[in-house]
Amino acid sequence: MAKIKYFLVTLTALCFFLLVYLNWNTVKLQSSRFRPVPMHKEGFRMVEDIGILKALEVKFLPNFKNPCWYEVRRHNRQPHPQDVQHFQIVPSAMQHRYRSINHADEVLQCLPYFFLIGQPKCATTDIFHRINSHPDVAKPVVKGPNWWTRKRFGMPYVPQPVPLSEYINLFNASKIKGYKQTSGELQDTWEYPRITGDGSTSTLWDSAPTMDYLHHLMITHKDTNIVQVLLQGRKESNSVPNVRNSSKIDAISYEHTHSHEWNQSPAPQRGIVLPFTVADVIHLILPKSRIIAVFREPVSRLFSSYLFFTKKGDLSPRHFDESVRTSIQKWNACVRQYSDRTCAYNKTLQNAMGVRLYNGLYNIYIKDWLQVFPREQVLVLRMEDYHNNITKTLASIYHHLGLRSATPDKNKRINIHKVYNKNMKKFLVGDMFGSTRKILQEFYKPYNKDLANLLNDPKFKWEDVSATL
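Be aware that the sequence shown starts at 1, since it is given in full-length UniProt numbering, and climbs by one per residue.
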């Protein structure tokens with residue numbers, strides 16, 4: 001009996017240590033383990049400099065296609081009180097390091113080469129998984145960390161700001177360096193051609209926290225040069241969005257970018273709208289980034305979003321119809337006083353809407369990205385075209401990212417993958433009312449037309465899709 005008891009105790013102990021070991025070596029997002037982060041004297045939560053890499057004074061390695069660099073880490077470094085692990089990973093598994101002669105580790109660090117910026121409910125999860133199936137793409141720990149738009153700033157998204165170092169750790173530097181082209185097969189200028197990406201679908205449209213933070217810098221004189229720094233990243237012909245016929249909020253913000261009258265707040269409520277967006281910040285740090293945006297016929301997208309984000313007990317065509325009508329009323333009340341752009345970005349209005357009407361205003365958001373990034377760096381796709389021909393769409397994405405074409409066998413394996421993140425609630429709830437669809441089609445029609453003109457592609461009016469609904 002004693003032997004059995006001893007055996008069980010020993011087995012329990014071994015299982016415990018095995019569990020601890022596996023937990024330490026498993027890459028996963030940790031969103032519930034936080035330690036308090038100190039506050040500034042002014043009460044504004046600590047957020048890293050908007051320059052980020054400028055402050056680190058790093059230069060990307062010229063023999064890597066992906067933006068990477070080596071960072072020296074000495075062995076006697078003591079943990080900093082602000083070191084908080086929001087994304088728990090195993091450094092040895094994700095980072096490439098070697099011991100230098102000065103007894104320090106030089107750790108390879110990498111940021112994304114491409115951004116799949118949106119939109120939600122446009123098959124981005126499925127597309128991102130298939131992109132990561134390419135042999136020259138290193139899959140990150142999570143698809144959408146939402147670091148640039150939300151978690152970097154802390155509340156209300158996470159209890160405290162997530163530092164840049166933890167965001168960097170999401171990208172598999174070891175795998176990026178795991179494949180080196182030989183001189184015989186070298187097709188490009190890079191010895192290490194592998195890339196990685198960020199698939200956060202809030203990146204395109206959720207610039208409210210960024211605008212709030214930039215405004216904080218302005219009115220507190222924390223960084224009086226930030227506007228000039230951001231302007232340097234824009235095209236000379238399109239330095240700042242045209243504010244003719246724009247709202248008072250846009251106009252005052254525009255004037256401040258030139259007059260430095262930071263103490264006059266453009267808007268008293270949370271959700272201030274500035275000319276700058278997340279696109280400006282990413283371009284400042286990663287100007288050669290490849291951008292991919294996937295759009296869907298906005299009426300269908302909105303209903304899919306409603307089914308995904310609304311509590312199950314509230315789901316019904318009638319509830320959707322009521323939410324649409326009240327949201328459009330609030331939108332119309334806003335645009336009577338302010339510009340469409342102001343209303344699209346304003347977080348106060350976004351939170352007040354019953355449905356995410358604003359997510360379908362593709363023309364407003366992508367226009368800001370095209371103000372910053374060259375057109376050849378931005379690929380805009382339709383979800384419907386992707387579903388009609390996955391192979392052709394993936395080929396255009398691979399070409400955009402400068403990846404080698406997939407072999408027929410590889411294409412076949414990629415195409416037989418299951419569909420990721422498919423919403424099945426529509427089969428339970430049924431379709432929206434025909435009257436609701438007509439209201440939404442009329443609402444989105446001018447925005448679709450503007451998008452088609454902006455991209456010089458009539459397909460983005462979705463007339464071919466609307467006719468079949």
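For glycine and all other residues, C-beta sits at the position ideal for the given N, C-alpha and C.
Problem set entry | Counted within 10 angstroms of its Cβ, other Cβ atoms place glycine 430 as buried (16 or more) or exposed | exposed
Problem set entry | Cβ-based burial, tyrosine 444 [other Cβ within 10 Å; buried from 16] | buried
For this session: For the alpha helix (DSSP H) containing alanine 352, list its first residue and its last residue.
Result: 347–352
For this session: In the DSSP assignment, find the alpha helix (DSSP H) that holds arginine 404 and state where it starts and stops.
Result: No alpha helix (DSSP H) holds arginine 404; DSSP gives it neither H nor E.
Exercise. Is glutamate 71 helix, strand or coil when you go by DSSP?
Worked result: strand
Exercise. Exposed or buried, which one is methionine 211 when buried takes at least 16 other CB atoms within 10 Å?
Worked result: buried
For this session: Take glycine 199 and list the residues in its own chain whose beta-carbon comes closer than 7 Å to its own, dropping the five residues that flank it on each side.
Result: Leu116, Thr124, Phe128, Lys143, Gly144
Exercise. Alpha helix (DSSP H) containing leucine 370: first to last residue?
Worked result: 362–372
For this session: In angstroms with no decimal places, state the Cα-to-Cα distance between proline 135 and serine 304.
Result: 32 Å
For this session: Give every residue of the same chain whose Cβ lies closer than 7 Å to the Cβ of cysteine 68, excluding the five residues on either side of it in the sequence, and list them in chain order.
Result: Phe60, Leu61, Leu108, Gln109, Cys110, Ala173, Ile176
Problem set entry | Backbone CA spacing between glycine 360 and alanine 344 [nearest angstrom] | 10 Å
Problem set entry | From Leu204, Gln181, Ser289, residue whose alpha carbon lies closest to that of arginine 194 | Gln181
Exercise. Tell me the DSSP bridge mates of alanine 333?
Worked result: Answer by DSSP bridge pairing: none, since alanine 333 is not bridged.
For this session: Check glutamate 106 in the structure and name its three-state DSSP category.
Result: strand
For this session: Look up aspartate 321 in the DSSP assignment and say whether it is helix, strand or coil.
Result: helix
For this session: Measure the C-alpha to C-alpha separation of methionine 432 and isoleucine 397 and round it to an integer number of angstroms.
Result: 33 Å
For this session: Could you say which of Leu284, Asn363, Leu302, Thr436 lies nearest to arginine 325 if we only look at CA atoms?
Result: Thr436
Exercise. Using DSSP with H/G/I as helix, E/B as strand and the rest coil, what is alanine 138?
Worked result: coil
For this session: Identify every run of the alpha helix (DSSP H) within the region 156–224, keeping only runs that are complete inside it and at least 4 residues long; order them along the chain.
Result: 164–168, 173–176, 208–219
Exercise. In this structure, does DSSP put isoleucine 272 in helix, strand or coil?
Worked result: coil
Exercise. Which partner residues does arginine 290 have in the DSSP bridge list?
Worked result: Phe114
For this session: Buried or exposed for glutamate 442, please, with buried defined as at least 16 other CB atoms from any protein chain shown within 10 angstroms of its CB.
Result: exposed
For this session: Report the residue from Gln228, Tyr362, Ser133, Asn132 whose alpha carbon sits nearest the alpha carbon of serine 202.
Result: Tyr362
Exercise. What separation, rounded to the nearest whole angstrom, lies between the Cα atoms of cysteine 122 and glutamate 463?
Worked result: 18 Å
For this session: Work out the CA separation of aspartate 105 and leucine 381 for me, nearest whole Å.
Result: 42 Å
Exercise. For proline 120, which residues from the same chain have a beta carbon less than 7 Å from its beta carbon, with the 5 sequence-adjacent residues on both sides left out?
Worked result: Thr201, Ser305, Asn359
Exercise. Leucine 381 lies in the beta strand (DSSP E); which residues open and close that run?
Worked result: 378–382
Problem set entry | Residue closest to glutamate 322, alpha-carbon to alpha-carbon, out of Thr348, Asn346, Leu357, Asp206 | Leu357
Exercise. Taking one C-beta from the region 287–299 and one from the region 364–380 each time, how about it: are there three or more such pairs within less than 8 Å?
Worked result: yes
Exercise. When burial is assigned at 16 or more other CB atoms within 10 Å of the CB, is valine 72 buried or exposed?
Worked result: exposed
For this session: Could you have a look at phenylalanine 64 and say whether DSSP puts it in helix, strand or coil?
Result: strand
Exercise. Going along the chain, which residues of its own chain have a beta-carbon closer than 6 Å to the beta-carbon of valine 158, five neighbours each way excluded?
Worked result: Lys151
Problem set entry | Rounded C-alpha distance that separates lysine 347 from alanine 406 | 42 Å
For this session: Give the single residue among Arg404, Trp205, Lys392 whose Cα lies nearest to the Cα of asparagine 146.
Result: Trp205
Exercise. Roughly how many angstroms separate the alpha carbons of lysine 449 and histidine 387, rounded to a whole number?
Worked result: 22 Å
Problem set entry | Buried versus exposed, by CB contacts within 10 Å (16 or more), histidine 399 | exposed
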